[in-house]
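Visitor: In our numbering, the protein residues as written are 115 to 286.
Cβ coordinates follow ideal geometry from the N, Cα and C atoms, glycine included.
Dropping a structure here in structure tokens format, bear with me for questions.
In structure tokens:
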């Protein structure tokens with residue numbers, strides 16, 4: 115069973131999730147990526163959970179199938195986006211909240227080279243698995259608590275790989 119999720123839903127994608135989820139305390143509506151940081155800050159004021167998934171929910175772009183979060187396209191080649199996630203990682207809030215993964219829940223966010231590259235780079239920056247969808251997603255893929263566990267098979271994972279341990283001491 116997947117951990118509970120912190121749902122950050124793009125303002126333009128409210129129609130893709132069930133109404134009870136829109137009203138859930140763990141759901142935040144985003145007009146840009148900055149709302150992710152605000153959602154994390156609010157979650158930090160709540161009781162700590164054993165694990166938490168962050169679900170970014172939105173429509174994907176037409177050509178590259180990158181997730182749109184409000185006015186922001188989640189593209190790791192956009193230095194502003196990558197730096198934003200680096201700041202979140204450095205802040206320690208993900209560790210504090212026991213975040214176990216990030217899921218980019220938009221249609222086919224893992225099927226293009228751009229989507230796969232974004233997932234890999236985010237996994238490296240956040241040091242945790244990042245998931246994207248290989249299918250089109252709709253309201254039926256969500257329950258009133260978030261992404262429905264019955265559909266995890268439509269997600270692809272970009273796993274964080276730790277750099278290999280240094281086997282030999284540096285010279286000098």
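What does the Cβ neighbour count give for residue 156, buried or exposed, with the cut at 16 atoms within 10 Å?
Guide: On the chain shown, residue 156 is found 42 positions in, with the first residue counted as 1. So residue 156 counts as exposed.
Visitor: Roughly how many angstroms separate the alpha carbons of residue 236 and residue 128, rounded to a whole number?
Guide: Locating residue 236 in the chain shown gives position 122, where the first residue counts as 1. Locating residue 128 in the chain shown gives position 14, where the first residue counts as 1. Their backbone Cα atoms lie some 24 Å apart in a straight line.
Visitor: Cβ of residue 120 within 9 Å of Cβ of residue 213?
Guide: Counted from its first residue, the chain shown places residue 120 at position 6. Counted from its first residue, the chain shown places residue 213 at position 99. Yes. Within cutoff.
Visitor: Measuring straight from C-alpha to C-alpha, what distance separates residue 280 and residue 140?
Guide: Translated into the one-based positions of the chain shown, residue 280 becomes position 166. Translated into the one-based positions of the chain shown, residue 140 becomes position 26. Residue placement at residue 280 cannot be trusted, given a pLDDT of 49 that sits under 50; the coordinates are not used to answer.
Visitor: Residue 208: which of 224, 167, 269 sits nearest, CA to CA?
Guide: To locate residue 208, count along the chain shown from 1; it is residue 94. Looking at the Cα atoms, 167 is the closest of the given residues.
Visitor: When the Cα atoms are used, what is the spatial distance from residue 226 to residue 218?
Guide: What you label residue 226 is simply residue 112 of the chain shown in a count that begins at 1. What you label residue 218 is simply residue 104 of the chain shown in a count that begins at 1. So the alpha carbons of these two residues sit roughly 13 Å apart.
Visitor: Determine whether the beta carbon atoms of residue 125 and residue 184 lie at a separation below 9 Å.
Guide: The residue labelled residue 125 in the question sits at position 11 within the chain shown. The residue labelled residue 184 in the question sits at position 70 within the chain shown. Against a cut-off of 9 Å, the Cβ pair of residue 184 and residue 125 comes out as a contact.
Visitor: Could you name the residues that DSSP lists as bridge partners for residue 121?
Guide: Translated into the one-based positions of the chain shown, residue 121 becomes position 7. Its beta-bridge partners are 141, 169.
Visitor: Take residue 242 and list the residues in its own chain whose beta-carbon comes closer than 8 Å to its own, dropping the five residues that flank it on each side.
Guide: Counting from 1 along the chain shown, the entry for residue 242 is found at position 128. So the qualifying residues of the chain are 208, 213, 214, 215, 216, 274.
Visitor: What three-state label does DSSP hand residue 280 in the structure shown?
Guide: For the purposes of this step, residue 280 is taken as the residue at position 166 of the chain shown. Below a pLDDT of 50, predicted positions are generally treated as unreliable, and residue 280, at 49, falls in that range; no measurement from the model is reported.
Visitor: Taking its Cβ as the centre, do 16 or more other Cβ atoms sit within 10 Å of residue 266, making it buried, or is it exposed?
Guide: As a first step, residue 266 must be located in the chain shown, where it is residue number 152. Exposed, since its Cβ has fewer than 16 Cβ neighbours within 10 Å.
Visitor: Give me the DSSP bridge partner(s) of residue 261.
Guide: Residue 261 sits at position 147 when you count from the first residue of the chain shown. Residue 261 pairs with 256.
Visitor: Please check the pair residue 146 and residue 186, which I expect to be a contact at CB under 8 Å, by giving their CB distance rounded to whole angstroms.
Guide: In the chain shown, the residue the question calls residue 146 occupies position 32. In the chain shown, the residue the question calls residue 186 occupies position 72. Going by Cβ atoms, the distance from residue 146 to residue 186 rounds to 5 Å, so yes, they are a contact pair.
Visitor: Roughly how many angstroms separate the alpha carbons of residue 234 and residue 117, rounded to a whole number?
Guide: The residue labelled residue 234 in the question sits at position 120 within the chain shown. The residue labelled residue 117 in the question sits at position 3 within the chain shown. Their Cα atoms are separated by approximately 21 Å.
Visitor: Below 6 Å CB to CB, which residues in the same chain sit around residue 172 once its five sequence neighbours on both sides are set aside?
Guide: For the purposes of this step, residue 172 is identified with residue 58 of the chain shown, where counting begins at 1. Within the same chain, residue 172 has close Cβ partners 124, 127, 181, 182, 183, 220.
Visitor: Closer than 8 Å by C-beta to residue 200: which residues in its own chain qualify, once you throw out the five before and the five after it? Chain order, please.
Guide: If you number the chain shown from 1, residue 200 lands on position 86. Cβ within range, chain order: 239.
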